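Residue numbers (our numbering): 34 to 176.
All C-beta atoms, glycine included, are put in the ideal place defined by N, C-alpha and C.
Just so you know, these numbers come straight off a predicted model, no measurement behind them.
Accompanying notes for the structure given below.
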């Protein structure tokens with residue numbers, strides 16, 4: 034098995050940009066060329082924090098290459114799971130959970146992913162999150 038290349042400085046912005054637009058092949062190429070999956074871009078965010086949440090394959094690729102799914106956004110305290118829940122991307126939430134994402138962690142405003150899904154009306158995501166957290170986060174919330 035071949036060792037992963039050492040991270041290359043200056044690639045963080047390129048990798049974050051590719052992840053943000055859902056460019057799976059661009060993300061793959063940059064990772065193969067040594068981009069750090071947890072490298073911080075010039076806005077202080079990692080690729081998994083800015084990824085297009087509607088593209089679970091980008092999330093999966095970043096996670097397989099060592100991206101941290103539980104690193105909070107520096108401005109909001111949100112995790113990638115918060116973003117996916119707010120936007121209603123269940124498949125991405127499944128990938129994030131499989132990669133070790135916490136579904137029970139609050140963002141900077143104290144909201145859990147389930148609260149964001151409820152506020153946005155994503156009932157399928159709410160059902161999933163309620164099942165994952167054994168109903169703890171969803172108590173008292175409307176259906």
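C-alpha gap between residue i and residue j, whole angstroms
i	j	result
residue 136	residue 103	9 angstroms
residue 133	residue 161	16 angstroms
residue 58	residue 52	10 angstroms
residue 86	residue 66	23 angstroms
residue 165	residue 64	31 angstroms
residue 122	residue 116	9 angstroms
residue 62	residue 120	27 angstroms
residue 154	residue 163	14 angstroms
residue 94	residue 60	8 angstroms
residue 139	residue 69	26 angstroms
residue 50	residue 167	36 angstroms
residue 124	residue 90	9 angstroms
Exposed unless 16 or more other CB atoms sit within 10 angstroms - verdict on residue i
i	result
residue 159	buried
residue 157	exposed
residue 175	Note that residue 175 has pLDDT 40, beneath the 50 cutoff, so the model's placement of it is unreliable and no number is given.
residue 131	exposed
residue 143	exposed
Distance CB(residue i)-CB(residue j) smaller than 8 angstroms
i	j	result
residue 128	residue 92	yes
residue 114	residue 126	yes
residue 80	residue 100	yes
residue 46	residue 88	no
residue 108	residue 146	no
residue 77	residue 48	no
residue 82	residue 106	yes
Residue range of the alpha helix (DSSP H) that includes residue i
i	result
residue 166	Taken as a continuous stretch (DSSP letters only), residue 166 belongs to no alpha helix (DSSP H), as it is neither H nor E.
Just to confirm the assignment: which complete alpha helix (DSSP H) runs, minimum length 4, are found wholly within the segment 37 to 116?
45 to 53, 57 to 65, 80 to 83 and 89 to 97
Output the residue ranges of the alpha helix (DSSP H) runs that lie fully inside the segment 133 to 161 and measure 4 residues or longer, sorted by chain position.
146 to 153
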